[in-house]
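Novice: Residue numbers (our numbering), protein chains in the order written: chain A, 3 to 555; chain B, 87 to 658. So that we are looking at the same thing, I have put the structure below in structure tokens.
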């Protein structure tokens, strides 16, 4: 259960709200118990009084107190139920919103290599589904058993007023029932509920294989076999779900049975006490009715606890993410960034990219083209230069290409990244307006500056002609731009950052020759005075460079 | 109303498909309904027994004193009470299990049906959505029916049957109490429907909000590295917080609606119990304003009614809390319907096909609606031809037609036999197909190779890997053939992936190869390596290669262009 500790600690920061929520929840249950118990008492008491009156005895009966009590409970029940639901969900949901923000912030601190360990879709699942699963922690796992416990104490306390030993017996029975429905169910369900997400992921992989690889699988004569495999995996998941559902159903039957057996035992006890004159008739009826109303407090427990494994698994995954830390270390006392920006890769190696003992100098003010096939390590060198990753061995330094150069790791990450403009090989546009995408490069940019960079990449006329202009929506599903236009927009964004060191990874991919020449010409004056590194397959497809270095075999 | 619920028009269809899905399981569902109803009857009996017991004790005590307390009655009634006590949870359990069993079978069957439909659709499925979307329909949307089948369906009948039965019993003892409940009862569903409709509309909006939040997060997560080096992280963080907060506010809006409908039900249930209790109590005292001095309902009946009163509203409350299950199932089926209702073209051929040598392949006036104009081409046995054309010229459609996935006009003949008369599986047995981006299946290297030839020996695998020059690399790996591939395993470069796919083709040793731009995604150097391999390994087979570029394909026998208005042939 230690997986849940950090989350419990986080929740405890709002303990007043949580406590108040639990009290409201308890009030809802207590009103239900009060309503039924008092009604039973009232009817019986009036019945008894009527019999006494019929026997000619003069007895006083106050109908106002119990009458208004019944009305009071009926009203409290409704109000408490509604406000409990709204209040608690609000608490938990704002806690979850808070968690999402924190988790994303933690993610942004990670280095490129650590981020690449999971696909974006998996990170998304942490941020949405896994965090959503944590809402059960309070709403279904913590508060309800606590409230059920309070209910047991209340009802048994009520019985104890009239009959102590009976209260003790009922208390023992109900407490063991509570234990069975919480811990017992959690143990029974743990294995199956924890596997669920994993199984669904595996099934999704199979489903996508079946769809995306349809032509290949069919041509390989393997589609039927693969489909049977998929169906078998689905069947396996469904039958495990059925097992879990069966255990929940067992738990629910046990809840009913447990409460009703307590009622039966109490019947025996009360009848004895009644016969002995210890208990009055109305109280004898009230006790079983209060117990029956208590069963509401047990109803949700089996399902919640059987699914507890899913909450635990989600918490484990989130903890793993929290434990991930960036491998990019910030120096305690960062060196100032040198004014000369000659970049020197000295004997660098990056294990996961297969880069070994690599040397290269990019002189200040120089334009260097690095040419090589994909997989030769070009993008790795660029990631090193912009400090998305650090080398496993060797050093990348900056300065006047002399002994007084400073290692990039000695600089503040923020100050260094401010000097580097980097266009990655993959075009990454947000699902947002053109201007919002551009502003990522420089949030303080003016309208004129935005149009100026669009002009540089030959997009100004196109954007101007769009009905929504700069507010046109772009990105994955709102694609209004072709691949080449998106590429140029990403380039414009880097230009807007106005950095002295510029790295462009295949800047013109997807552009036709005419556009390429136009943009290349417009970039000439802009590039003047900057240090630039171009990456690509072919120097002819890059802006003009002073020097070309060939990479790879 | 129509404006709020855009799905209104398709609801008839949804109901039809729900019935369709459940039809084979009617007997089980009826049995579950029976169990649920019997359990309700037992509850009536149990309440009656308890009321009888208590009233007997009270009256006996009143009239004869505590000493004459009738314990024998308890002894007589106790077995029956215990029976109710034990049987009710058991029946409840049985009912749930039956429904869950039906749910499993129905979902399993539906998934199988959808898969078969998707397989028959072939590439036509792309009109219905991206593969990732179809995949989630196959998984999540099918599972979304669970709540409806395992809880809502039977409850829908019980919610009418049980209160009516209880009402009959209550009427027997006290018509007025019965009327009291009868009056409040229809108000409950009315309110619930009104609020439920509003909640359904709100929750649909919420679905959109969730999709939007996920989309936003996905966007930011994908571009995280870009955000890092653009130093736009603070902006992104603010956006995440804002999106999360927006989602919270939206969710609360929906929940408030749902809770309000719950509160309405709670209110009526509590009010009815309170009114019934007061009426019965005052009645027992004989001080009701309209019936002074008389007792309308004696004690036993009064207690019986009081015990039944909460149960009267229970089925409704259950139905209310499962209302979202119904909405969820309807939304899921609305998504699934286009897929279920699509008329699928089936490859008609049934004749067996056996080829011992490379066949000839002929396209005669081949015509694929809207994608390929009538087209003629003959490939002699063992001839290797490149079909060249720009994107959109119908190359891929032609390949899909040859694979038997698309209907076409004209004829495709294999050794003079029309493809439409042949069994598709037999034809696939003779085919080797290499796609633009070969797919890796989840599993190890040997699994991926054996996919096509399950009984191939390790030695055979090594032999084909050697032929495509992959074995030297794989031999060095610690697990060799057992090396896992894909996301968590060995990352293969584009060239290595093509080699692996080629090894798969060699393992099957088929007389016909269809190649779909096999080197389009490779850099020139790697492409040259693969082309050299293709040249050597494709000898003696009938090869149809489609490509939009001709670079590196000098090894083929003939080049045919698809671009020109009438197909022109260019000799290489």
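For every residue, glycine included, the Cβ atom is placed at its ideal position computed from N, Cα and C. Note that the coordinates shown come from a computational prediction; the quantities given were computed from them, not determined experimentally.
Using the beta-carbon count (16 or more within 10 Å), is residue 270 of chain A buried or exposed?
Specialist: Under this definition residue 270 of chain A is an exposed residue.
Novice: Residue 486 of chain A lies in the beta strand (DSSP E); which residues open and close that run?
Specialist: No beta strand (DSSP E) holds residue 486 of chain A; the alpha helix (DSSP H) holding it covers 485–499.
Novice: Using the three-state DSSP reduction, which class does residue 366 of chain A fall into: helix, strand or coil?
Specialist: Residue 366 of chain A falls in the coil class under three-state DSSP.
Novice: Any residues in the region 137–169 of chain A with a beta carbon nearer than 9 Å to a beta carbon of chain B? Which ones, in chain order?
Specialist: Taking 9 Å as the Cβ-Cβ cut-off against chain B, none of the residues of the region 137–169 of chain A qualify.
Novice: For chain A, check one thing: does any of its Cβ atoms lie closer than 9 Å to the Cβ of residue 182 of chain B?
Specialist: Yes, its Cβ sits closer than 9 Å to a Cβ of chain A.
Novice: Which same chain residues end up closer than 6 Å to residue 285 of chain A when comparing Cβ atoms and leaving out the 5 residues on each side of it in sequence?
Specialist: Excluding residues within five positions, the ones whose Cβ falls inside 6 Å are 164.
Novice: Mind listing the chain A neighbours of residue 381 of chain B? Cutoff is C-beta to C-beta under 7 Å, in chain order.
Specialist: Going along chain A in sequence order, the residues near residue 381 of chain B (Cβ under 7 Å) are 52.
Novice: Span of the alpha helix (DSSP H) holding residue 449 of chain B?
Specialist: Premise fails: residue 449 of chain B lies in the beta strand (DSSP E), 447–454, not in any alpha helix (DSSP H).
Novice: Starting from residue 633 of chain B, follow the beta strand (DSSP E) in both directions and report where the run begins and ends.
Specialist: Per DSSP, residue 633 of chain B belongs to the beta strand (DSSP E) from 628–633.
Novice: Output the distance between the C-alpha atoms of residue 559 of chain B and residue 209 of chain A, rounded to the nearest integer angstrom.
Specialist: Looking at the two C-alpha atoms, the distance is approximately 31 Å.
Novice: Under 8 Å by Cβ, that's how I've got residue 369 of chain A and residue 534 of chain A pegged, so tell me the actual separation to the nearest angstrom.
Specialist: Right, their Cβ atoms sit about 4 Å apart.
Novice: As an exercise, report each continuous alpha helix (DSSP H) stretch of at least 4 residues that is fully enclosed by the region 100–127 of chain A, in chain order.
Specialist: Qualifying alpha helix (DSSP H) stretches, in chain order: 114–117, 122–127.
Novice: Would you give the residue range spanned by the beta strand (DSSP E) that residue 466 of chain A belongs to?
Specialist: Per DSSP, residue 466 of chain A belongs to no beta strand (DSSP E); it is in the alpha helix (DSSP H), 462–467.
Novice: Cutting at 8 Å between CB atoms, please list the residues of its own chain near residue 95 of chain A, excluding the five before and the five after it.
Specialist: Correct list, in chain order: 137.
Novice: Would you tell me roughly how many angstroms separate the C-alpha atoms of residue 12 of chain A and residue 261 of chain A, rounded to the nearest one?
Specialist: Cα-Cα distance, rounded: 35 Å.
Novice: Tell me which residue opens and which closes the beta strand (DSSP E) that residue 533 of chain A is part of.
Specialist: Its beta strand (DSSP E) spans residues 533–538.
Novice: What are the complete alpha helix (DSSP H) segments, minimum 4 residues, inside the region 299–380 of chain B?
Specialist: Runs of the alpha helix (DSSP H) inside the region 299–380 of chain B: 310–316, 319–371.
Novice: Count the CB pairs spanning the region 241–253 of chain B and the region 214–231 of chain A that are closer than 8 Å, and state whether there are at least three.
Specialist: The answer is no - the region 214–231 of chain A does not touch the region 241–253 of chain B, with fewer than three Cβ pairs under 8 Å.
Novice: Just to confirm before moving on: does the CB-CB distance between residue 642 of chain B and residue 472 of chain B stay below 9 Å?
Specialist: It is a contact, given that the beta carbons lie within the stated cut-off.
Novice: Got a sec, what are the start and stop residues for the beta strand (DSSP E) residue 235 of chain B sits in?
Specialist: Unbroken run through residue 235 of chain B: none, as it is neither H nor E.
Novice: Might you give, ordered along the chain, the residues of its own chain that have their beta carbon closer than 8 Å to the beta carbon of residue 499 of chain A, omitting 5 neighbours on each side?
Specialist: The residues are 423, 443, 444.
Novice: Measuring only the C-alpha atoms, how far is residue 527 of chain A from residue 517 of chain A?
Specialist: Looking at the two C-alpha atoms, the distance is approximately 17 Å.
Novice: Would residue 480 of chain A be called buried (16 or more neighbouring beta carbons within 10 Å of its own) or exposed?
Specialist: Any reading at residue 480 of chain A must be qualified, since the residue scores a pLDDT of 43, below 50, and its modelled position is unreliable; the value itself is stated next. When all chains shown are included, residue 480 of chain A counts as exposed.
Novice: Check the Cβ-Cβ distances between residue 304 of chain A and every residue of chain E, and say whether any is below 9 Å.
Specialist: Although the question refers to chain E, the structure presented lacks it and instead comprises the protein chains A and B.
Novice: Please report how far the alpha carbon of residue 48 of chain A lies from the alpha carbon of residue 385 of chain B, in whole angstroms.
Specialist: Using only the alpha carbons, I get a separation of about 9 Å.
Novice: Determine the burial state of residue 416 of chain B: buried for a count of at least 16 other Cβ atoms within 10 Å of its Cβ, exposed for fewer.
Specialist: Result: buried.
Novice: Measure from the C-beta of residue 435 of chain B to each C-beta in chain A and report whether the shortest distance is under 9 Å.
Specialist: No, because no Cβ of chain A sits closer than 9 Å to the Cβ of residue 435 of chain B.
Novice: So which residues of chain B does residue 559 of chain A contact, with C-beta pairs closer than 9 Å?
Specialist: This structure cannot settle anything about residue 559 of chain A, because the visible part of chain A is limited to 3 through 555.
Novice: Measure how close the beta-carbons of residue 598 of chain B and residue 518 of chain B come, nearest whole angstrom, since I'm counting them as under 8 Å.
Specialist: Confirmed, about 7 Å.
Novice: On a Cα-Cα basis, can you pick out the residue from A/86, A/409, A/515 that is closest to residue 342 of chain B?
Specialist: Considering only alpha carbons, the answer is A/86.
Novice: Closer than 7 Å by C-beta to residue 594 of chain B: which residues in its own chain qualify, once you throw out the five before and the five after it? Chain order, please.
Specialist: Hits under 7 Å: 518, 538, 539.
Novice: Exposed or buried, residue 436 of chain B, counting other C-beta atoms within 10 Å across all chains shown (16 or more means buried)?
Specialist: Classification of residue 436 of chain B: exposed, given that the 10 Å Cβ count is below 16.
Novice: Could you tell me the distance, in whole angstroms, from the CA atom of residue 378 of chain B to the CA atom of residue 162 of chain A?
Specialist: Answer to the nearest angstrom: the Cα atoms are 38 Å apart.
Novice: If you compare alpha carbons, which of A/274, A/201, A/153, A/471 is closest to residue 160 of chain B?
Specialist: Comparing Cα positions, the closest option is A/274.
Novice: Which residues bound the beta strand (DSSP E) around residue 519 of chain B?
Specialist: 517–520 is the span of the beta strand (DSSP E), which, as asked, contains residue 519 of chain B.
Novice: Identify the residues that DSSP records as bridge partners of residue 497 of chain B: which are they?
Specialist: Answer by DSSP bridge pairing, in chain order: B/450.
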